[in-house]
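The structure under discussion appears below in the form of structure tokens.
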Ligand code: GLU
Ligand code: ZN
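In this note's numbering, the protein residues as written are 79 to 377.
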């Protein structure tokens, strides 16, 4: 078993809110409980959505709670050459192809096929641009062209066991279709960047919010195509606001102020099913590590 390496990978689209502290705390507790290494990685690939200065704000907020990366923080915006290399590798093994479909064209095609998505479901890409037979593609930068991952023929349903949610499965081919690894606006897709960097940083355990659980099967298939190891996953409960909606930057979750740290830590712990009396933050953290270890023994 390789030594435990975990990470917290925020997108710096805004400062931490109460929900993102829960995910950060869970990944930190899991790493500490396993006597492992905990890293912070800034997922700033979506340049249109990042907020200038949010990365430093997040690091300062984490540091206020004593959560600091064991190794230098990595910014994904410095990693484009590695994503390009991964896309080249996929292209050479006929696992990626260029796609010029607009969302409208995808929906029109799905309508013609009688496969329009149900309400609140993302459209399953109908494979319009998928070459038949799949052949290696030359990779050259054409503006306005997206690149899709070609789900391998005969890809079985992906099964994995989440350490909190239990047995999970997804038929990536039927439920997602060939998904984007590089967007038509030239930006790298989250799925590719996260898989490349988890492998490069030798991450062994992913602990993140439950809203990301649906990405896991896609990431496992990509890992397999890139020859990267499959990781252990634990998805944490989401924090809901008074209306029962997920706390997120999109729904205007307020910045977590760095005051009353013991109180904030106690609430984050409670969201994870841990109970703690407010006290000095370092003491609280060590008691939480012990509790976490009992509930989520290292997998
Ligand atoms: N950057 C992603 C987010 O903040 C998380 C990625 C991950 O943990 O896999 O939603
Ligand atoms: Zn297309």
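Note that the Cβ used here is the ideal one computed from N, Cα and C, for glycine as well.
It should be emphasised that the depicted structure is a prediction, and the values quoted were computed from it without experimental measurement.
Supposed close pair residue i, residue j - CB separation, criterion 8 Å
| i | j | result |
| --- | --- | --- |
| residue 105 | residue 365 | No, residue 105 and residue 365 are not in contact; Cβ-Cβ is about 18 Å, not under 8 Å. |
| residue 122 | residue 133 | 7 Å |
| residue 258 | residue 224 | 5 Å |
| residue 377 | residue 241 | 5 Å |
| residue 342 | residue 334 | 7 Å |
| residue 344 | residue 356 | 5 Å |
| residue 128 | residue 90 | 5 Å |
Residue-level contact to chain C via CB, residue i, 8 Å cutoff
| i | result |
| --- | --- |
| residue 80 | This model lacks chain C altogether; it includes just one protein chain. |
Sequence-distant residues of the same chain with beta carbon closer than 7 Å to residue i, five excluded per side
| i | result |
| --- | --- |
| residue 164 | 270, 274 and 304 |
| residue 370 | 107, 108, 111 and 352 |
| residue 215 | 169, 174, 175 and 176 |
| residue 217 | 165, 166 and 169 |
| residue 293 | 269 |
| residue 250 | 229, 233, 236, 295, 296 and 299 |
| residue 179 | 206 and 207 |
| residue 313 | 240, 242, 243, 286, 287, 288, 290 and 291 |
| residue 247 | 235, 236 and 237 |
| residue 146 | 140 |
| residue 358 | none |
| residue 354 | 344, 347, 362, 365 and 366 |
Under 8 Å between C-beta atoms of residue i and residue j
| i | j | result |
| --- | --- | --- |
| residue 160 | residue 278 | yes |
| residue 346 | residue 94 | no |
| residue 85 | residue 135 | no |
| residue 309 | residue 281 | yes |
| residue 336 | residue 325 | no |
| residue 142 | residue 339 | yes |
| residue 208 | residue 228 | yes |
| residue 114 | residue 157 | no |
| residue 363 | residue 126 | no |
Where residue i falls, given that 16 or more other Cβ within 10 Å makes a residue buried
| i | result |
| --- | --- |
| residue 103 | buried |
| residue 373 | exposed |
| residue 350 | buried |
| residue 220 | exposed |
| residue 235 | exposed |
| residue 92 | buried |
| residue 332 | exposed |
| residue 29 | A query on residue 29 cannot be resolved here, the shown segment of the chain reaching from 79 to 377 and no further. |
| residue 83 | buried |
| residue 283 | buried |
| residue 239 | exposed |
| residue 276 | buried |
| residue 231 | exposed |
| residue 154 | buried |
| residue 101 | buried |
| residue 390 | This structure gives no information on residue 390, because the portion of the chain shown stretches from 79 to 377. |
| residue 150 | exposed |
Close beta carbons around residue i, own chain, < 8 Å, minus the five adjacent residues each side
| i | result |
| --- | --- |
| residue 202 | 188, 193, 195, 252, 253, 254 and 255 |
| residue 260 | 161, 165, 224, 225, 266, 267 and 270 |
| residue 124 | 89, 91, 265 and 268 |
| residue 184 | 201, 203, 204 and 206 |
| residue 130 | none |
Same chain, Cβ closer than 6 Å to residue i, five either side skipped, listed in chain order
| i | result |
| --- | --- |
| residue 212 | 172 and 228 |
| residue 264 | none |
| residue 222 | 262 |
| residue 152 | 119 |
| residue 116 | 84, 106, 109 and 148 |
| residue 245 | 239 |
| residue 181 | none |
Any chance you could list the alpha helix (DSSP H) runs of at least 4 consecutive residues sitting entirely within the stretch 93-142, in chain order?
The stretch 93-142 contains these whole alpha helix (DSSP H) runs: 96-111 and 132-142.
Restricting to runs no shorter than 4 residues, where is the alpha helix (DSSP H) found entirely within the stretch 223-278?
250-253 and 268-278
Segments assigned beta strand (DSSP E), at least 3 residues, entirely inside the stretch 136-187:
Counting whole runs of 3 or more residues, the stretch 136-187 contains the beta strand (DSSP E) stretches 174-177.
Along the chain, which unbroken stretches of the alpha helix (DSSP H) at least 4 residues long are found entirely within the stretch 293-343?
294-304
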